[in-house]
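Participant: Residue numbers (the working numbering): 674 to 860.
Where is the CB? At the ideal position from N, CA and C, for every residue including glycine.
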Amino acid sequence: HCWYNPYSMQIFLGEHDGTERLMKTDTIIWHPKCSYDYQTLDYVIMLIKLFHPVEVTEAVAPISLPTGCPMGGLPCSVSGWGDTAKDGEEVNMPTRLQSLDVPIVDDKDCENAYPGMITRRMVCAGYMDGGRDACNQGDSGSPLVCVGEVHGLVSWGQGCTQPNYPGVYVKVCEFLYWTEDTLAANP
């Protein structure tokens with residue numbers, strides 16, 4: 674979330690089964706409105722410029738930005754290294770990349786779960802009955818991939834795996850112009 678020191682960040686590509694490669698971070702470009710305001714949790718997105726170009730391999734490949742915004746019910750997958758324990762359990766940080774299939778939650782249900790907190794730059798995904806979720810403890814910034822496109826980035830939620838509180842993600846489609854302009858200005 675709104676990370677400021679590129680040299681304290683480690684980027685691993687292909688991290689899973691011995692195919693990993695450590696990349697150095699050159700620059701972090703956060704959204705100009707990213708203040709990580711704990712009242713709104715809005716505009717929590719940044720781009721990371723690496724020191725060297727990425728070599729595309731079988732284990733490392735780019736993923737597409739979204740061609741539109743996600744609709745409720747769209748099947749997605751979220752992956753990350755975050756805490757796998759349920760709220761109240763001892764923290765359990767995995768040693769292998771975790772993945773979970775989650776649907777996009779209807780906008781109305783998302784807004785009802787978090788009254789007055791959801792902006793148009795946020796989307797909810799997960800299960801209203803709880804028990805399965807990304808966790809902002811270690812998963813923050815992890816991708817929410819739907820039909821081969823990155824539609825969200827893990828952002829926040831009410832605890833982890835709580836019933837009636839789906840995960841809240843940065844809605845990537847709302848940042849396409851900023852992303853494209855930023856990439857063009859930082860070749």
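Express the C-alpha separation of L686 and E693 in angstroms, rounding to a whole number.
Facilitator: If you draw a straight line from the Cα of E693 to the Cα of L686, it comes to about 5 Å.
Participant: What residue from Y800, Q683, Y842 has the CA that sits closest to G746's CA?
Facilitator: Y800
Participant: Alpha carbons only, please: which of D806, L695, Y716, P705 is nearest the one belonging to L723?
Facilitator: L695
Participant: Can you confirm whether the stretch 804-818 touches the stretch 828-835 when touching is taken to mean that 3 or more C-beta pairs between the two stretches lie within less than 8 Å?
Facilitator: Output reads yes: the stretch 804-818 touches the stretch 828-835.
Participant: Can you have a look at Y716 and say buried or exposed, based on whether 16 or more other CB atoms are within 10 angstroms of its CB?
Facilitator: By the neighbour-count rule (16 or more Cβ atoms within 10 Å), Y716 is buried.
Participant: Can you tell me which of the three DSSP states W703 falls into?
Facilitator: strand
Participant: Pick helix, strand or coil for Y787, following the three-state DSSP scheme.
Facilitator: coil
Participant: Since M696 sits in a beta bridge, which residues does DSSP pair it with?
Facilitator: I684
Participant: Return the CA-CA distance between D802 and R794, expressed in angstroms with no decimal places.
Facilitator: 24 Å
Participant: Flag this pair as touching only if the stretch 818-826 and the stretch 839-853 have three or more C-beta atom pairs under 8 Å; answer yes or no.
Facilitator: yes
Participant: Does DSSP classify E822 as helix, strand or coil?
Facilitator: strand
Participant: Based on the DSSP secondary-structure assignment, which residues constitute the bridge partners of Y716?
Facilitator: Answer is none; Y716 lacks a bridge partner.
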